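Engineer: For the sequence shown, full-length UniProt numbering begins at 1 and goes up steadily by one. Backbone N, C-alpha and C define an ideal beta-carbon position, used for all residues, glycine too. Nothing here was measured: the structure is a model prediction, and the numbers come from that model. Before I ask anything, here is the structure I am working with.
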Amino acid sequence: MGLSRERKQEYFEKMEKLLDTYMKIFIVSCDNVGSKQFQQIRIALRGQAVVLMGKNTMMRKVINTYLAKNPGHPYESLLSRIRGNIGFVFTNGDLGVVRECIEANRVPAPARVGAIAPIDVVVPPGPTDCDPGQTNFFQTLQIATKIVKGKIEIVSAVNLLSVGDKVGNSEAVLLEKLGIKPFDYGLVINEVYDNGSIFDVKVLDLSDDDLAAKFASALSSLAALSLGINFPTLASVPHSIANAFKALVAVAVECDSFSFEKADPFKLALSDPEAFAAKYGAMGGGGGGGGGAAEEAKAEEKKEEEEEEEEEIDMGGGMDMFGGDDDGGGGDDY
């Protein structure tokens with residue numbers, strides 16, 4: 001039995017109000033989600049988001065009516081997404097928080113005959129509560145078993161179902177016997193609408209560091225492309241300036257009659273390395289390395305003083321430490 005005219009009108013007004021109020025929408029599929037679970041999801045999202053389900057034809061009609069009143073609105077992109085068993089979750093809050101709440105409200109479910117496996121189902125090895133009389137049932141499914149203490153024990157892990165397989169009667173019975181509920185059901189987020197843009201839900205997994213790394217990589221590629229085709233862009237200008245500076249320094253280094261202030265250190269380094277070290281060596285450590293450079297200088301100075309003292313003590317000629325001359329016996333008497 002379809003909805004009455006009054007109920008349809010209420011639905012149209014509700015959805016149109018939601019379209020006006022919220023700028024972010026999760027497009028979700030809701031296969032195998034029962035009414036009780038829907039109620040739990042709505043309670044969990046209360047104050048953060050609003051869940052709206054309905055017939056696809058009604059949802060399309062509301063959006064088309066909204067577009068007639070608001071020509072060119074980006075909600076038009078939602079029309080092609082309304083297919084299958086889908087619904088909308090409206091929010092103006094943090095998409096990540098609402099997503100976590102949606103994904104947290106999933107319930108385990110047994111494998112029903114005819115259901116399509118959304119994941120791989122593996123039966124683990126170990127003891128079961130099945131008596132030895134059920135051995136033939138396990139052999140039918142090609143599961144190796146042994147009898148331990150009057151119970152059937154599975155010898156090794158068995159890949160019972162793969163993604164996309166249809167659950168057969170034997171698989172469903174076995175999983176029920178073992179007390180395994182391999183699937184869990186809830187709202188599945190297909191895509192996200194945010195202020196006119198529609199993107200995959202995986203985009204929400206990107207952190208600020210991921211975005212910065214992708215931006216830096218794209219900027220580097222753009223700069224390389226701009227330099228390669230000799231087309232200046234904001235990304236390539238710093239590299240072009242650096243390359244031009246290198247070319248100028250190279251000319252200045254080779255030309256004795258031409259130089260400029262920024263090229264002088266390079267010319268001095270090539271012509272007189274010692275003078276360059278004396279003049280610019282102290283500047284090499286930078287602000288953070290000033291203390292280390294000073295300590296190294298003090299250590300070097302102390303080492304030189306010690307070497308001078310050793311030379312004075314070990315001097316073969318001149319006066320010895322007791323005032324004797326070269327031939328004196330002061331040293332011998334000592």
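Closest by CA to Arg83, which one among Asp210, Phe245 and Val28?
Structural biologist: Residue Val28 is the option with its Cα nearest to Arg83.
Engineer: Please state the DSSP three-state secondary structure of Val28.
Structural biologist: Val28: strand per DSSP, three-state reduction.
Engineer: If we ignore side chains and look at the alpha-carbon of each, how far apart do Glu153 and Leu160 end up?
Structural biologist: Going from the Cα of Glu153 to the Cα of Leu160 covers about 16 Å.
Engineer: What first and last residue would you give for the beta strand (DSSP E) that runs through Ser221?
Structural biologist: Unbroken run through Ser221 is the alpha helix (DSSP H), Asp208 to Gly228; no beta strand (DSSP E).
Engineer: Between which residues of its own chain and Gln40 is the CB-CB distance below 7 Å, once the five residues before and five after are set aside?
Structural biologist: The residues are Asn105.
Engineer: For Asp327, which residues from the same chain have a beta carbon less than 7 Å from its beta carbon, with the 5 sequence-adjacent residues on both sides left out?
Structural biologist: Its pLDDT being 47, under 50, Asp327 is placed unreliably in this model, and the coordinates cannot settle the point.
Engineer: Our contact map puts Tyr75 next to Leu18 with C-beta atoms below 8 Å; I'd like the distance itself, whole angstroms only.
Structural biologist: The Cβ separation is near 11 Å, so there is no contact.
Engineer: The alpha helix (DSSP H) with Thr57 in it runs from where to where?
Structural biologist: First-last of the alpha helix (DSSP H) with Thr57: Asn56 to Lys69.
Engineer: Measuring CB to CB, does Gly96 end up less than 7 Å from Leu204?
Structural biologist: Yes, Cβ-Cβ distance for Gly96 and Leu204 is below 7 Å.
Engineer: Compare the Cα-Cα distances from Leu187 to each of Arg99, Leu67 and Asn64 and report the closest residue.
Structural biologist: For Leu187, the nearest C-alpha among the options comes from Arg99.
Engineer: Hey, could you find the ends of the alpha helix (DSSP H) residue 336 is sitting in?
Structural biologist: Absent from the model: residue 336. The displayed extent of the chain is 1 to 334, so no value can be given.
Engineer: Evaluate contact between the region 51–71 and the region 112–119, counting only Cβ atoms and requiring at least three cross-stretch pairs below 8 Å.
Structural biologist: Because the criterion of three Cβ pairs below 8 Å is not met, the region 51–71 and the region 112–119 do not touch.
Engineer: I'd like to confirm something about Gly114: is its beta-carbon nearer than 6 Å to some heavy atom of the ligand HEM, or not?
Structural biologist: What this structure holds is no ligand at all, so the ligand HEM is not there to describe.
Engineer: Taking the beta strand (DSSP E) that Glu191 falls in, what are its first and last residues?
Structural biologist: Its beta strand (DSSP E) spans residues Val188 to Asp194.
Engineer: Please go through the same chain and pick out, in chain order, the residues whose beta-carbon is closer than 8 Å to the beta-carbon of Asp209, but skip the five residues on each side of it.
Structural biologist: Hits under 8 Å: none found.
Engineer: Using the Cβ count rule (16 or more neighbours within 10 Å means buried), how would you classify Val167?
Structural biologist: Label assigned to Val167: buried.
Engineer: According to DSSP, Asn159 sits in a beta bridge with which residue or residues?
Structural biologist: Answer is Val122, bridged to Asn159.
Engineer: When you compare the CB positions of Ala172 and Ala109, do they come within less than 7 Å of one another, or not?
Structural biologist: No.
Engineer: Verify whether the separation of the beta carbon atoms of Ser217 and Leu227 is less than 7 Å.
Structural biologist: Contact: no.
Engineer: Quick check on the DSSP output: the beta strand (DSSP E) that includes Tyr185 runs from which residue to which?
Structural biologist: Phe183 to Tyr185 is the extent of the beta strand (DSSP E) around Tyr185.
Engineer: First and last residue of the beta strand (DSSP E) that includes Glu76?
Structural biologist: No beta strand (DSSP E) holds Glu76; DSSP gives it neither H nor E.
Engineer: How about Lys146 and Pro127: are their beta carbons less than 7 Å apart?
Structural biologist: Taking 7 Å as the Cβ cut-off, Lys146 and Pro127 do not qualify as a contacting pair.
Engineer: Can you find the residues in the same chain that come closer than 7 Å, C-beta to C-beta, to Tyr280, ignoring five residues on each side of it along the sequence?
Structural biologist: Here the set comprises Pro265.
Engineer: When burial is assigned at 16 or more other CB atoms within 10 Å of the CB, is Thr91 buried or exposed?
Structural biologist: It counts as buried.
Engineer: For Val148, tell me which candidate among Pro132, Tyr22 and Asn136 has the shortest Cα-Cα distance.
Structural biologist: Minimum Cα distance to Val148 is reached at Pro132.
Engineer: For the region 244–254 against the region 219–234, are there 3 or more C-beta pairs whose distance is under 8 Å?
Structural biologist: No, because fewer than three Cβ pairs between the region 244–254 and the region 219–234 fall closer than 8 Å, the two stretches do not touch.
Engineer: Curious, which full-length beta strand (DSSP E) runs of at least 3 residues does the region 90–157 contain?
Structural biologist: Qualifying beta strand (DSSP E) stretches, in chain order: 107–109, 121–123, 145–148 and 151–154.
Engineer: Can you tell which of Thr57, Gly72, Ser77 and Val33 has its C-alpha closest to the C-alpha of Ser197?
Structural biologist: Cα-wise, what sits closest to Ser197 is Ser77.
Engineer: What's the gap between the Cα of Ala263 and the Cα of Ser271?
Structural biologist: Cα to Cα, Ala263 sits roughly 12 Å from Ser271.
Engineer: In terms of residues, what are the limits of the beta strand (DSSP E) holding Ser197?
Structural biologist: Ser197 to Asp200 is the span of the beta strand (DSSP E), which, as asked, contains Ser197.
Engineer: Would you call Gly164 buried or exposed, if buried means 16 or more other Cβ atoms sit within 10 Å of its Cβ?
Structural biologist: Gly164 is exposed by the Cβ-count criterion.
Engineer: Using the three-state DSSP reduction, which class does Ile86 fall into: helix, strand or coil?
Structural biologist: Strand, per DSSP.
Engineer: Ala69: which of Glu16, Asn190 and Leu225 sits nearest, CA to CA?
Structural biologist: The sequence shown places Lys at residue 69, rather than the Ala named in the question. Nearest option by C-alpha distance: Glu16.
Engineer: Is it right to say Glu6 is buried, meaning 16 or more other beta carbons lie within 10 angstroms of its own, or is it exposed?
Structural biologist: With fewer than 16 other Cβ atoms within 10 Å, it is exposed.
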